[in-house]
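*Asks:* Take a look at this one; I'll ask things after.
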Amino acid sequence: MATKVLSVDDSRTIRMIVGKAFRPYDCQMVEACNGEEGLATAAREKPDLIILDVTMPVMDGVTMLTKLKEDATLKSIPVIMLTAESGRDNVLQIAKLGVRDYLVKPFKEDQLIEKAGKIITLQKKAA
Amino acid sequence: MENPVAYRDLARRYGFAPTPESVSRLTQLVARQDSDIDEIAKVIDKEPALRARLLRVANPDAENEAEYTVDNVEDALMRNGVGCALVLAMGTPLLLALTKTFQTMLSLKLESIDPQTATPLDGEHILGTIGFSGKANGSVYMRMSIASAREIAAGIFGSQPDEITDLNEIKDTTGELLNIMTGNFKSNLCDAGLDCKLQPPAVDRSEDLYTPVVPGGGMERMAFRSGKILLYIDVTVNPWND
Numbered sequence: 002m003a004t005k006v007l008s009v010d011d012s013r014t015i016r017m018i019v020g021k022a023f024r025p026y027d028c029q030m031v032e033a034c035n036g037e038e039g040l041a042t043a044a045r046e047k048p049d050l051i052i053l054d055v056t057m058p059v060m061d062g063v064t065m066l067t068k069l070k071e072d073a074t075l076k077s078i079p080v081i082m083l084t085a086e087s088g089r090d091n092v093l094q095i096a097k098l099g100v101r102d103y104l105v106k107p108f109k110e111d112q113l114i115e116k117a118g119k120i121i122t123l124q125k126k127a128a
Numbered sequence: 033m034e035n036p037v038a039y040r041d042l043a044r045r046y047g048f049a050p051t052p053e054s055v056s057r058l059t060q061l062v063a064r065q066d067s068d069i070d071e072i073a074k075v076i077d078k079e080p081a082l083r084a085r086l087l088r089v090a091n092p093d094a095e096n097e098a099e100y101t102v103d104n105v106e107d108a109l110m111r112n113g114v115g116c117a118l119v120l121a122m123g124t125p126l127l128l129a130l131t132k133t134f135q136t137m138l139s140l141k142l143e144s145i146d147p148q149t150a151t152p153l154d155g156e157h158i159l160g161t162i163g164f165s166g167k168a169n170g171s172v173y174m175r176m177s178i179a180s181a182r183e184i185a186a187g188i189f190g191s192q193p194d195e196i197t198d199l200n201e202i203k204d205t206t207g208e209l210l211n212i213m214t215g216n217f218k219s220n221l222c223d224a225g226l227d228c229k230l231q232p233p234a235v236d237r238s239e240d241l242y243t244p245v246v247p248g249g250g251m252e253r254m255a256f257r258s259g260k261i262l263l264y265i266d267v268t269v270n271p272w273n274d
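Sequences listed follow chains D and X, in order. Quick note: the first sequence uses the working numbering, first residue 2, plus one each step. Quick note: the second sequence uses the working numbering, first residue 33, plus one each step.
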């Protein structure tokens with residue numbers, strides 16, 4: 002069964018770049034454009050990894066992460082934060098909530114794959 | 033206050049690029065409000081790029097350095113106010129983030145050019161704005177021709193410029209560029225004690241070339257070029273909103 006990755010970002014551009022990064026691998030991509038949608042998608046799809054933005058409308062990434070960690074059925078899903086904000090207070094707050102890694106935008110697709118590969122098994126698609 | 037060592041450990045673990053020391057120092061000095069102007073001038077004088085940008089801001093009508101009437105950092109600070117030093121400090125992370133975004137996401141080298149010698153925009157163009165409010169208050173304006181915006185969107189989506197026909201694709205890529213730039217300098221402001229929140233970016237077609245300066249604040253205009261792409265950035269900020 003393919004590894005499932007959920008990308009939560011209000012920017013279609015970023016969701017597209019994340020999807021492109023995982024394209025060579027046997028991964029099923031699912032998307033959400035805010036934290037509220039992200040939580041619902043996580044509950045429905047049970048992804049193996051969530052790539053999460055911070056600043057989003059409706060529900061931001063920090064609120065989504067807090068709710069995710071409060072939910073017994075979802076709290077074990079590993080999360081990589083993908084955001085342009087790397088301020089001290091933000092990072093400390095997010096680290097306390099429990100994220101597996103943190104990637105600051107702008108980023109290279111290789112960097113995201115390297116970080117994801119430390120958390121989930123990424124297998125190249127058969128040619 | 034949180035333990036700075038804990039943050040340093042996390043920053044190392046996550047692989048963050050450190051903010052240049054002069055930028056952090058300058059932001060902290062301006063945030064204090066009671067800093068000595070000589071202290072601020074010393075930090076700027078040590079950094080040729082900051083010094084050049086301050087003198088450019090202090091001589092808005094000069095077309096080149098030979099025409100500068102304000103030619104030293106102390107006079108520039110006296111004339112423009114210490115707040116303009118923060119505009120410079122903010123411009124550096126913005127400039128670094130923009131250059132890195134072009135390198136990493138578009139594989140393009142972006143060079144900073146003198147905004148006064150850059151070909152001015154004319155007529156309808158793409159205007160992206162993003163505001164931030166809190167202890168520091170201001171906005172970033174990004175302008176480019178529709179052709180430049182299309183080139184950028186095509187580069188990010190991996191397609192040809194003439195394949196970008198949907199204005200929403202242009203708006204989304206421009207908005208994300210703004211988010212990345214301002215997210216990076218917002219972190220620098222917050223770390224210096226100038227907590228602020230970003231507003232969502234707004235992007236649309238416009239013919240308006242006027243940038244209103246935030247009350248009580250300063251403004252810096254920057255321009256960048258990469259091949260046929262020309263970008264114009266205006267940053268306006270009041271560091272002491274309260």
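Glycine included, every Cβ here is placed at the ideal spot set by N, Cα and C.
Beta-carbon of A73/D versus every beta-carbon of chain X: anything under 8 angstroms?
*Replies:* For A73/D, the answer is no, since every Cβ of chain X falls outside 8 angstroms of its Cβ.
*Asks:* Nearest to A150/X by CA position, among D198/X, N96/X, Q192/X and I72/X, is which residue?
*Replies:* N96/X
*Asks:* For Y100/X and C228/X, what's the separation of their Cα atoms in angstroms?
*Replies:* 35 angstroms
*Asks:* With distance defined between alpha-carbon atoms, name the residue in L127/X, A117/X, G250/X and S219/X nearest to Y264/X.
*Replies:* Residue L127/X is the option with its Cα nearest to Y264/X.
*Asks:* Counting only C-beta atoms, is Y103/D closer than 8 angstroms to chain X at any point?
*Replies:* With 8 angstroms as the cut-off, Y103/D counts as an interface residue toward chain X.
*Asks:* State buried or exposed for T74/D, treating a residue as buried only when at least 16 other CB atoms are found within 10 Å of its CB.
*Replies:* Burial call: exposed.
*Asks:* To the nearest angstrom, how far is the alpha carbon of A186/X from that of E71/X?
*Replies:* 46 angstroms
*Asks:* Is the beta carbon of R182/X closer than 8 angstroms to that of I212/X?
*Replies:* Cβ atoms of I212/X and R182/X: not closer than 8 angstroms.
*Asks:* Do the segment 186-195 of chain X and the segment 142-149 of chain X touch if we need at least three Cβ pairs shorter than 8 angstroms?
*Replies:* They do not touch, by the three-pair rule.
*Asks:* Just mark G170/X as buried or exposed, buried being the case when its beta carbon has 16 or more other beta carbons within 10 Å.
*Replies:* When all chains shown are included, G170/X counts as buried.
*Asks:* Tell me the rounded alpha-carbon separation between F108/D and G166/X.
*Replies:* 28 angstroms
*Asks:* Return the Cβ separation of M174/X and G160/X in integer angstroms, given the expectation that the two are a contact with Cβ distance under 8 angstroms.
*Replies:* 4 angstroms
*Asks:* How would you write the range of the alpha helix (DSSP H) that I212/X sits in, first residue to last?
*Replies:* L199 to D223
*Asks:* With a floor of 3 residues, list each beta strand (DSSP E) that falls wholly inside the segment 137-203 of chain X, ordered by position along the chain.
*Replies:* 143-145, 157-166 and 169-176
*Asks:* What are the residues that DSSP puts in a beta bridge with I51/D?
*Replies:* Note: I51/D is bridge-paired with L7/D and V80/D in the DSSP secondary-structure output.
*Asks:* Per DSSP, which one or two residues make a beta bridge with E32/D?
*Replies:* S8/D
*Asks:* Under the assumption that Y46/X contacts D102/D (Cβ atoms under 8 angstroms), give the Cβ distance between them as a whole number of angstroms.
*Replies:* Y46/X to D102/D, Cβ: 6 angstroms. Contact.
*Asks:* Apart from the five residues just before and just after S67/X, which ones in its own chain have a Cβ nearer than 8 angstroms to its Cβ?
*Replies:* L61 and V114
*Asks:* Does any C-beta atom of chain D lie closer than 8 angstroms to the C-beta of E183/X?
*Replies:* no
*Asks:* Please report how far the alpha carbon of G249/X lies from the alpha carbon of P271/X, in whole angstroms.
*Replies:* 7 angstroms
*Asks:* Start and end of the beta strand (DSSP E) containing L58/X?
*Replies:* Premise fails: L58/X lies in the alpha helix (DSSP H), E53 to A63, not in any beta strand (DSSP E).
*Asks:* Measuring alpha carbon to alpha carbon, tell me which of G215/X, R253/X and N200/X ends up nearest T243/X.
*Replies:* The shortest Cα separation from T243/X among G215/X, R253/X and N200/X belongs to R253/X.
*Asks:* Between L58/X and A129/X, which are expected to be in contact by the criterion C-beta below 8 angstroms, what is the C-beta distance as a whole number of angstroms?
*Replies:* Going by Cβ atoms, the distance from L58/X to A129/X rounds to 17 angstroms, so no, they are not a contact pair.
*Asks:* N112/X versus chain D: which residues are under 7 angstroms apart at the beta carbon?
*Replies:* Correct list: empty, because the minimum Cβ distance to chain D is about 27 angstroms.
*Asks:* Out of curiosity, what's the CA-to-CA distance linking I81/D and P233/X?
*Replies:* 24 angstroms
*Asks:* Which of helix, strand or coil does DSSP assign to A85/D?
*Replies:* coil
*Asks:* Going by Cα to Cα distance, which pick from L82/X, H157/X, I261/X and V246/X is closest to V269/X?
*Replies:* V246/X
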